[in-house]
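For reference, the structure is listed below as structure tokens.
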Amino acid sequence: MSNPQSIKSSFNGVWVDTLTPLKEDLHIDLQLLESHLRTLLIKGAQGVVLFGYHGEGASFSSEEKAEAISFLLKAGVSASSILLSISCNAAPDVLKLVHFAQKAQLQGVLISAPSYYKSLSNLGLSKYFDHLLGAIGESELKIFLHILPIASHVDIPEAVFAEILNKHGKKIFGLINESGQSTLTQDLIKSFASEVKIHSCNESDLKALHSTGTISALANVIPRVVEQLLHSETNKQVNFVPGMKVKGSDDRLIEFQSLFPKLPPIASYKFILTQIYHDTAWLNCRPPLDKLDQNLMNELSKRFKKFDLQTNSE
Amino acid sequence: MDFNNTWYIIEHQKKYEVISHKDLMALDASSYQMIQNYRTHHDALMEMSRLVTQDIANVHEKLNHLKK
Numbered sequence: 116m117s118n119p120q121s122i123k124s125s126f127n128g129v130w131v132d133t134l135t136p137l138k139e140d141l142h143i144d145l146q147l148l149e150s151h152l153r154t155l156l157i158k159g160a161q162g163v164v165l166f167g168y169h170g171e172g173a174s175f176s177s178e179e180k181a182e183a184i185s186f187l188l189k190a191g192v193s194a195s196s197i198l199l200s201i202s203c204n205a206a207p208d209v210l211k212l213v214h215f216a217q218k219a220q221l222q223g224v225l226i227s228a229p230s231y232y233k234s235l236s237n238l239g240l241s242k243y244f245d246h247l248l249g250a251i252g253e254s255e256l257k258i259f260l261h262i263l264p265i266a267s268h269v270d271i272p273e274a275v276f277a278e279i280l281n282k283h284g285k286k287i288f289g290l291i292n293e294s295g296q297s298t299l300t301q302d303l304i305k306s307f308a309s310e311v312k313i314h315s316c317n318e319s320d321l322k323a324l325h326s327t328g329t330i331s332a333l334a335n336v337i338p339r340v341v342e343q344l345l346h347s348e349t350n351k352q353v354n355f356v357p358g359m360k361v362k363g364s365d366d367r368l369i370e371f372q373s374l375f376p377k378l379p380p381i382a383s384y385k386f387i388l389t390q391i392y393h394d395t396a397w398l399n400c401r402p403p404l405d406k407l408d409q410n411l412m413n414e415l416s417k418r419f420k421k422f423d424l425q426t427n428s429e
Numbered sequence: 171m172d173f174n175n176t177w178y179i180i181e182h183q184k185k186y187e188v189i190s191h192k193d194l195m196a197l198d199a200s201s202y203q204m205i206q207n208y209r210t211h212h213d214a215l216m217e218m219s220r221l222v223t224q225d226i227a228n229v230h231e232k233l234n235h236l237k238k
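Protein chains in written order, with my numbering: chain P, 116 to 429; chain Y, 171 to 238.
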């Protein structure tokens, strides 16, 4: 059986599902990534998730991921500030990255279901995770199961979670729901909150769930707004926006989300970073993803100016 | 992470500036906009050079547009 007290002890704050900057040749721009991480951490992010969905994780090889993380560690970014999202199809590739993360003493890893196959059986999924977790030795590395159906096309059913937690509960630090479905988070909390911590990546749910920690893509741009949402009962802080009425973090989150109706999130968030950092290098996405077309960029630029981001407080 | 020996690019009084962590902490938070944090003074200066060069190019482009 798992030990709920130790499991629930320390996943707090905002962990940014970090966008990955690319050079013109589409290799990772390591210097730009480093300065972005530093800026997020100084703005109050607890840590970063590298190569998650919004970090275009599926577009990079294991070697590229390991090389980027090694560069960041050498540059002084703390290993305890890094979670590595692992979304490989082949179990040996997953294990290779897990072992790398263990050796590098990263804070933890997020492991999602393989993405290639659809309509996987409960038994098949259970065997997959059983094999993986059985091959991972005991270590300080925090392992999160990552529900990411937008990328993996696989919902991990509750029966599978129950089976995994029963067999490997001690190794599982938490469940991360990046499905965007609030009802799924609530169901998982009802079923498994006594065994593991359940975290939602949906910023709009954080207050209602009294979340203490989250993984957020919006935090690439508004880390402090997301951070304030985690402290619902103590959230008396508001942002003073010149020329506008006093607004709380809820209002600013809704305003920010309304900038992107039906726009592709990764390209849109990258475009916003070009506006903040005054650097068009952030536009690059690795194909098959692509940047926004010029009309959409012009429109989003207008909306973002109107949003009037307060970079020191948001 | 320890940011004590790091450097920032800020927009302060409508100009880009490179500033140390200690000096940034002494500024009134409403008087500047923090852009990015850098590990070394050199990295921050290089980025400021890029930003200034980019601004000059943008002004040139606007002037050329006006001349047409």
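Built from N, CA and C at the ideal position, the CB exists for glycine as well.
If you're wondering where the values come from, they're calculated on a predicted model, not measured in any experiment.
For residue 136 (chain P), is the beta carbon positioned less than 7 angstroms from some heavy atom of the ligand MG?
Of the ligands one can find in the structure shown there are none, so the ligand MG has no counterpart to examine.
Smallest Cα separation from residue 186 (chain Y): which of Y:209, Y:213 and Y:202?
Within the second sequence, numbered from 1, the residue matching residue 186 (chain Y) stands at position 16. Closest in alpha carbon position to residue 186 (chain Y), among Y:209, Y:213 and Y:202, is Y:202.
Meets three-Cβ-pair contact criterion under 8 angstroms: the region 319–331 of chain P and the region 291–305 of chain P
Between the region 319–331 of chain P and the region 291–305 of chain P there are three or more inter-stretch CB-CB distances shorter than 8 angstroms, so the stretches are counted as touching.
How should residue 241 (chain P) be labelled, buried or exposed, when 16 other C-beta atoms within 10 angstroms of its C-beta is the threshold for buried?
Locating residue 241 (chain P) in the first sequence gives position 126, counting from the first residue. With a threshold of 16 other beta carbon atoms within 10 Å, residue 241 (chain P) meets it and is buried.
Identify whether residue 227 (chain P) lies in helix, strand or coil by the three-state DSSP scheme.
Position 112 of the first sequence, counted from the first residue, corresponds to residue 227 (chain P). Residue state, collapsed to three classes: strand.
Below-8 angstroms beta-carbon distance, residue 364 (chain P) vs any chain Y residue:
The residue given as residue 364 (chain P) occupies position 249 in the first sequence. Output row for residue 364 (chain P): interface = no.
Quick one: list the residues of chain P neighbouring residue 221 (chain Y), beta-carbon separation under 8 angstroms, in chain order.
Indexing the second sequence from 1 puts residue 221 (chain Y) at position 51. 393, listed in chain order.
By DSSP, does residue 222 (chain Y) sit in helix, in strand, or in coil?
As a working mapping, residue 222 (chain Y) is identified with position 52 in the second sequence. In this structure, residue 222 (chain Y) counts as helix in the three-state DSSP scheme.
Looking at the secondary structure, which residues open and close the alpha helix (DSSP H) in which residue 149 (chain P) lies?
Locating residue 149 (chain P) in the first sequence gives position 34, counting from the first residue. Residue 149 (chain P) -> alpha helix (DSSP H) spans 145–157.
In chain Y, what lies closer than 8 angstroms to residue 426 (chain P) by C-beta?
Translated into positions along the first sequence, residue 426 (chain P) becomes position 311. Within 8 angstroms of the CB of residue 426 (chain P), the CB atoms of chain Y belong to 203, 204 and 205, in sequence order along the chain.
Give the interface partners of residue 192 (chain P) over in chain Y, defined as CB-CB distance under 8 angstroms, in chain order.
As a first step, residue 192 (chain P) must be located in the first sequence, where it is residue number 77. What residue 192 (chain P) touches in chain Y: 171.
Simplified DSSP assignment, three categories, for residue 301 (chain P):
On the first sequence, residue 301 (chain P) is found 186 positions in, with the first residue counted as 1. Judged by DSSP in its simplified three-state form, residue 301 (chain P) adopts helix.
Assign residue 218 (chain Y) to buried or exposed, taking buried as 16 or more other Cβ atoms, counted over all protein chains shown, within 10 Å of its Cβ.
If you number the second sequence from 1, residue 218 (chain Y) lands on position 48. Counting of Cβ neighbours within 10 angstroms places residue 218 (chain Y) among the buried residues, the total reaching 16 or more.
From the beta carbon of residue 224 (chain Y), is the nearest beta carbon of chain B less than 8 angstroms away?
Absent from the structure is chain B; the protein chains it does hold are P and Y.
Hey, does residue 153 (chain P) have any beta-carbon neighbour from chain Y nearer than 8 angstroms?
To locate residue 153 (chain P), count along the first sequence from 1; it is residue 38. Yes, its Cβ sits closer than 8 angstroms to a Cβ of chain Y.
Contained alpha helix (DSSP H) runs [length at least 4] in the region 198–246 of chain P, N- to C-terminal order
The alpha helix (DSSP H) runs of length 4 or more contained entirely in the region 198–246 of chain P are, from start to end of the chain, 206–218.
Alpha carbon to alpha carbon, how far is residue 158 (chain P) from residue 379 (chain P)? Give it in angstroms, no decimals.
By 1-based counting over the first sequence, the position of residue 379 (chain P) is 264. By 1-based counting over the first sequence, the position of residue 158 (chain P) is 43. Each residue's alpha carbon lies about 25 angstroms from the other.
Segment contact flag, the region 179–187 of chain P with the region 242–254 of chain P, C-beta cutoff 8 angstroms, min 3 pairs
Here the region 179–187 of chain P makes no contact with the region 242–254 of chain P; the two share fewer than three CB pairs at distances below 8 angstroms.
Neighbourhood of residue 149 (chain P) by C-beta distance below 8 angstroms, restricted to the same chain and skipping five residues each side:
Position 34 of the first sequence holds residue 149 (chain P). The residues are 186, 187, 190 and 192.
Assuming residue 203 (chain Y) is part of the beta strand (DSSP E), what are its boundary residues?
Start at 1 with the first residue of the second sequence, and residue 203 (chain Y) comes out as number 33. From DSSP, the beta strand (DSSP E) with residue 203 (chain Y) extends over 202–208.
Which one or two residues does DSSP pair with residue 129 (chain P) in a beta bridge?
Along the first sequence, one-based indexing puts residue 129 (chain P) at 14. Note: residue 129 (chain P) is bridge-paired with P:329 in the DSSP secondary-structure output.
What is the rounded straight-line gap between the Cα of residue 410 (chain P) and the Cα of residue 344 (chain P)?
Start at 1 with the first residue of the first sequence, and residue 410 (chain P) comes out as number 295. Start at 1 with the first residue of the first sequence, and residue 344 (chain P) comes out as number 229. Distance between residue 410 (chain P) and residue 344 (chain P), taken at the CA atoms: about 33 angstroms.
Grouping DSSP H, G and I as helix and E and B as strand, with all else coil, what is residue 315 (chain P)?
Here residue 315 (chain P) refers to the residue found at position 200 of the first sequence. Here DSSP, grouped into helix, strand and coil, assigns residue 315 (chain P) to strand.
Range covered by the alpha helix (DSSP H) that runs through residue 259 (chain P):
For the purposes of this step, residue 259 (chain P) is taken as the residue at position 144 of the first sequence. Membership of residue 259 (chain P) in any alpha helix (DSSP H) is not indicated; the residue belongs instead to the beta strand (DSSP E) covering 257–262.
Quick check: the region 377–396 of chain P against the region 332–346 of chain P, are there 3 or more CB pairs under 8 angstroms?
Pairwise C-beta distances place the region 377–396 of chain P in contact with the region 332–346 of chain P, as three or more of them are shorter than 8 angstroms.
Which of the three DSSP states is assigned to residue 141 (chain P) in this structure?
Within the first sequence, the letter at position 26 stands for residue 141 (chain P). DSSP places residue 141 (chain P) in coil when its eight states are reduced to three.
Using a Cβ-Cβ cut-off of 6 angstroms (strictly less than) and excluding sequence neighbours within five positions of residue 117 (chain P), which residues of its own chain qualify?
Here residue 117 (chain P) is taken as the residue at index 2 of the first sequence, counted from 1. At residue 117 (chain P), the pLDDT of 43 sits below 50, so the modelled position is not reliable; the number obtained from the coordinates is stated separately. Once the five neighbours on either side are set aside, the close Cβ partners of residue 117 (chain P) are 284, 285 and 310.
Could you check how far apart the C-beta atoms of residue 207 (chain Y) and residue 153 (chain P) are, in whole angstroms? I think they sit under 8 angstroms.
Here the question's residue 207 (chain Y) lines up with position 37 in the second sequence. Here the question's residue 153 (chain P) lines up with position 38 in the first sequence. For residue 207 (chain Y) against residue 153 (chain P), the beta-carbon gap comes to about 4 angstroms, under 8 angstroms, which counts as contact.
Let me make sure I understand the geometry here. Which of P:253, P:304, P:262 and P:248 has the alpha-carbon closest to that of residue 279 (chain P)?
Locating residue 279 (chain P) in the first sequence gives position 164, where the first residue counts as 1. Per the Cα distances, P:248.
Is the beta carbon of residue 209 (chain P) closer than 8 angstroms to that of residue 201 (chain P)?
What you label residue 201 (chain P) is simply residue 86 of the first sequence in a count that begins at 1. What you label residue 209 (chain P) is simply residue 94 of the first sequence in a count that begins at 1. Yes, the pair counts as a contact, with Cβ atoms nearer than the cut-off.
Which word fits residue 274 (chain P), buried or exposed, when buried means at least 16 other C-beta atoms lie within 10 angstroms of its C-beta?
By 1-based counting over the first sequence, the position of residue 274 (chain P) is 159. By the 10 Å Cβ count, residue 274 (chain P) comes out exposed.
May I ask you to list the residues that DSSP assigns as paired with residue 292 (chain P)?
Here residue 292 (chain P) refers to the residue found at position 177 of the first sequence. The partner list for residue 292 (chain P) (beta bridge, DSSP) reads P:262 and P:315.
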